[in-house]
Every structure is written in structure tokens, then in C-alpha cells.
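First comes the structure, then the notes that go with it.
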Amino acid sequence: MMTLRQIRHFIAVAETGSISAAAQAVFISQSTLTLAIQQLEEEIGVRLFDRHAKGMTLTHQGHQFLRQAHLILATVENAKRSLQQSTDKVAGSLTIGVTSLVAGYYLADLINRFQRAYPNVQTRVVEDERPYIEHLLVSGEIDVGVLILSNLEDRHALQTEVLTHSPHRLWLPAQHPLLERDSIGLADVAGEPLIQLNADEMGLHTQRIWSRAGLVPQVTLRTASVEAVRSLVAAGLGLSIQPDMTYRPWSLEGDIIEARPLVDLSEPLDVGLAWRRGTARPPLVDPFLTVAREQPNAKKLSI
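In C-alpha cells:
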């Protein structure tokens with residue numbers, strides 16, 4: 001298993017160009033250092049150095065790994081500093097912008113974890129439509145946004161980080177005939193009565209899905225309430241395509257809701273953070289980002 005000590009020894013050899021000089025720099029024997037480099041190369045499965053009479057030079061893969069090695073050590077040092085810094089001493093206020101669907105299914109846990117980590121920071125939440133949240137972020141009136149990133153428009157002015165990729169699935173009532181199929185596609189669903197969720201621009205998002213598939217759905221009911229969608233589907237009044245973040249296997253009435261993947265719908269709904277690009281971030285945004293990145297099972301992707 002790769003260790004931080006091996007990484008430090010690798011950097012020493014890369015920077016000095018020889019085993020003997022690196023051994024003196026890190027205060028170990030040449031044989032121990034040679035063994036550490038050999039074990040590191042075996043662990044990652046590539047040759048990091050070319051050996052020659054005058055010393056050692058990095059291979060192409062070695063140069064690539066050197067950049068990553070410096071990043072690894074820097075990350076470890078940052079982590080140590082953050083742990084040594086008492087979060088109780090961090091104080092101030094943080095204004096968070098959020099859209100409705102995210103507020104209902106994602107925000108509570110995030111705010112709770114942040115307040116536990118930073119008890120002396122006051123958080124203020126502004127909930128509104130995505131275009132207005134974007135406007136407030138760009139103008140600096142709010143510090144950070146937690147919203148559906150799939151629909152963002154002003155990407156040049158905002159820095160974003162995806163925290164969760166929420167795949168779409170088809171919601172069906174129990175005993176629906178489509179449940180007997182091994183696979184279900186959008187064409188199988190287009191002729192069924194559909195219930196459309198319009199909260200948080202989901203109507204526009206789903207419209208793009210159907211448009212790309214070249215199909216015209218049979219939408220019989222539109223609502224801004226996820227709970228209404230849940231109840232209507234469970235009652236057998238229609239099907240609905242929804243992101244997994246909103247799925248619960250039963251309605252408020254206790255009726256069962258089944259969820260199945262669609263074989264030709266792989267595009268997820270991206271939920272994450274947004275903040276103003278190009279200027280110094282408000283000081284409390286970084287602690288908030290750190291807590292948000294610790295979301296269990298979240299898949300992160302910087303943009």
C-alpha cells in the first residue's frame with residue numbers, strides 16, 4: 001500500500017536526481033530509499049525513474065506522478081491545518097441561496113452538518129427561482145448557492161461544483177403492466193398518461209429530455225408539488241419521470257410507488273454549489289464548501 005513516506009522519498013529523489021543525495025536529505029540509508037522507490041513503482045505499476053551512471057531522471061510517467069505527489073502532500077498539510085484550527089473560533093454570517101426542490105430534499109442535512117461544525121456562524125437561507133438566485137450570486141448579494149446545476153445559464157460568471165448526480169427513473173403504480181418488462185424506454189412511456197412536476201424548472205428539464213428523444217409525451221397533469229406527483233402516481237392516474245433524490249417508495253396515503261430505470265435516459269440531474277467566479281470568495285464560503293464536500297456518497301466534479 002502506498003504511504004506518505006514513500007511519496008516524500010520519491011519527491012526527494014526527483015528533486016535531487018540521485019539516491020545518495022536524497023538519502024542524505026531525508027536522513028535514511030540509500031538501501032532503504034532504493035527499496036521504497038522500488039515498492040512505490042510496483043504499487044502503481046509504472047517506472048518512475050530512468051537509472052543511469054550519473055543518477056536518476058524522471059520518466060514521463062514520473063513527471064506526471066510528481067505533480068500529483070506535490071498535490072497529495074499539500075492536501076494532507078491543509079487537512080492538518082484545518083483540524084488544528086478550532087471551528088468554535090470561526091464566526092460571522094453566511095447567506096445561502098437555494099431553489100425549491102433542493103430545499104425540500106437536500107438542504108436540511110447540509111445546513112445541519114454545517115451548523116454542527118461551525119456553531120458560531122449564522123446562516124441565512126434565501127429560497128427563490130433559479131434565475132433570481134443566479135442574479136443574487138453574480139451581484140454578490142448572497143455568498144453561495146445550493147441548486148440544480150443542470151439548468152444554470154450564467155456559467156461564465158459562476159464557479160460550480162457538482163455534489164450529487166441524481167439519475168432519473170420512471171415512477172409507476174403497483175401492478176402497472178410496464179413492470180412486467182425486462183427493460184423500459186422513453187418510447188414505451190410516451191403514450192402513457194404522464195404527470196409533470198413543474199417545480200424548480202423540472203418542466204423545462206423534462207421537455208428537453210423528450211425533445212432530444214424526438215418524442216411527444218402525453219402530459220395529462222402538471223403540478224408544482226412532489227407530494228401531489230407521488231399521490232397521483234400511486235393512485236394509478238399517471239406515470240412520472242423524476243430524479244432519484246425525490247423518490248420515496250410510498251405515497252402519503254401509504255400506497256406503493258415503483259421506480260424503474262429507463263434504458264435510453266442516462267442523463268442525471270446535477271445538484272451542487274455555485275459561487276461568484278473571479279473575485280475573492282467571502283471568508284465563510286470555504287468552510288461551507290468543505291462541509292458540503294463531505295456529503296456521504298456524493299459524487300463530485302469541479303467545473
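In full-length UniProt numbering, the protein residues as written are 1 to 303.
Glycine included, C-beta positions come from ideal geometry on N, C-alpha and C.
If you're wondering where the values come from, they're calculated on a predicted model, not measured in any experiment.
Assignment of beta-bridge partners to Arg-222 by DSSP yields Gln-196. His-168 carries a strand assignment under DSSP once its states are collapsed to helix, strand and coil. The C-alpha of Glu-180 is placed about 28 Å away from the C-alpha of Thr-223.
When the Cα atoms are used, Val-285 and Arg-276 turn out to be separated by approximately 11 Å. Contact annotation: Ile-19 and Leu-33 have beta-carbon atoms nearer than 8 Å.
In terms of Cβ geometry, Asp-88 and Asn-112 do not form a close pair [threshold 8 Å]. In the DSSP annotation of this structure, the continuous segment of the beta strand (DSSP E) that includes Gly-92 starts and ends at 92-98. In the DSSP assignment, Trp-275 is bridged to Gln-159.
Looking at Arg-116, Leu-158, Ile-184 and Ile-195, the one whose alpha-carbon comes closest to that of His-135 is Leu-158. Annotation: the continuous beta strand (DSSP E) that includes Met-56 extends over 55-58. Within the same chain, Val-263 come within 6 Å of Ser-183 by CB-CB distance, once the 5 residues on both sides are set aside. A buried status is given to Trp-171, since no fewer than 16 other beta-carbon atoms sit within 10 Å of its beta-carbon.
DSSP places Arg-8 in the uninterrupted alpha helix (DSSP H) bounded by 4-16.
Per the coordinates, the alpha-carbon of Pro-193 lies some 20 Å from the alpha-carbon of Glu-201. Spatial neighbours of Ser-231 in its own chain (CB-CB distance under 8 Å, excluding positions within 5 residues in sequence) are listed in chain order as Ser-251, Leu-252, Glu-253 and Asp-255. Here Gly-97 has Val-126, Ile-133, Leu-136, Ile-142 and Gly-145 as same chain residues with Cβ atoms under 6 Å from its own Cβ, once five neighbours each way along the sequence are excluded. Taken through DSSP and simplified to helix, strand or coil, Pro-268 comes out as coil. Straight through space, the alpha carbons of Arg-5 and Ile-28 are spaced by roughly 11 Å. Taking Ala-199 as the centre and dropping the five residues before and after it, the same chain places the C-beta of Ser-100, Leu-101 and Ala-224 closer than 6 Å to its C-beta, in chain order. By alpha-carbon distance to Val-138, the top candidate from Gly-278, Gln-196, Ile-7 and Leu-215 is Gly-278. Between the stretch 59-67 and the stretch 44-51 there are three or more C-beta pairs closer than 8 Å, enough to call the two in contact. Taken through DSSP and simplified to helix, strand or coil, Pro-287 comes out as helix. Minimum Cα-Cα distance from Val-233 among the listed residues Ala-22, Gly-17 and His-176 corresponds to His-176. Beta-bridge pairing by DSSP links Ser-240 to Trp-171. DSSP places His-52 in the uninterrupted beta strand (DSSP E) bounded by 49-52.
Burial is judged here by how many other beta carbons sit within 10 angstroms of a residue's own beta carbon; Pro-173 has at least 16 and is buried. The DSSP-derived three-state label of Gly-140 is coil. Nearest neighbour of Leu-197 by Cα position, chosen from Ser-240, Gly-55, His-156 and Val-162, turns out to be Ser-240.
Burial state of Glu-15 is exposed, judged by a 10 Å Cβ sphere holding fewer than 16 other Cβ atoms. Between Leu-58 and Ile-7, the gap from beta carbon to beta carbon reaches 8 Å or more.
Contact annotation, Val-271 with Leu-149: C-beta distance approximately 7 Å; criterion of less than 8 Å satisfied.
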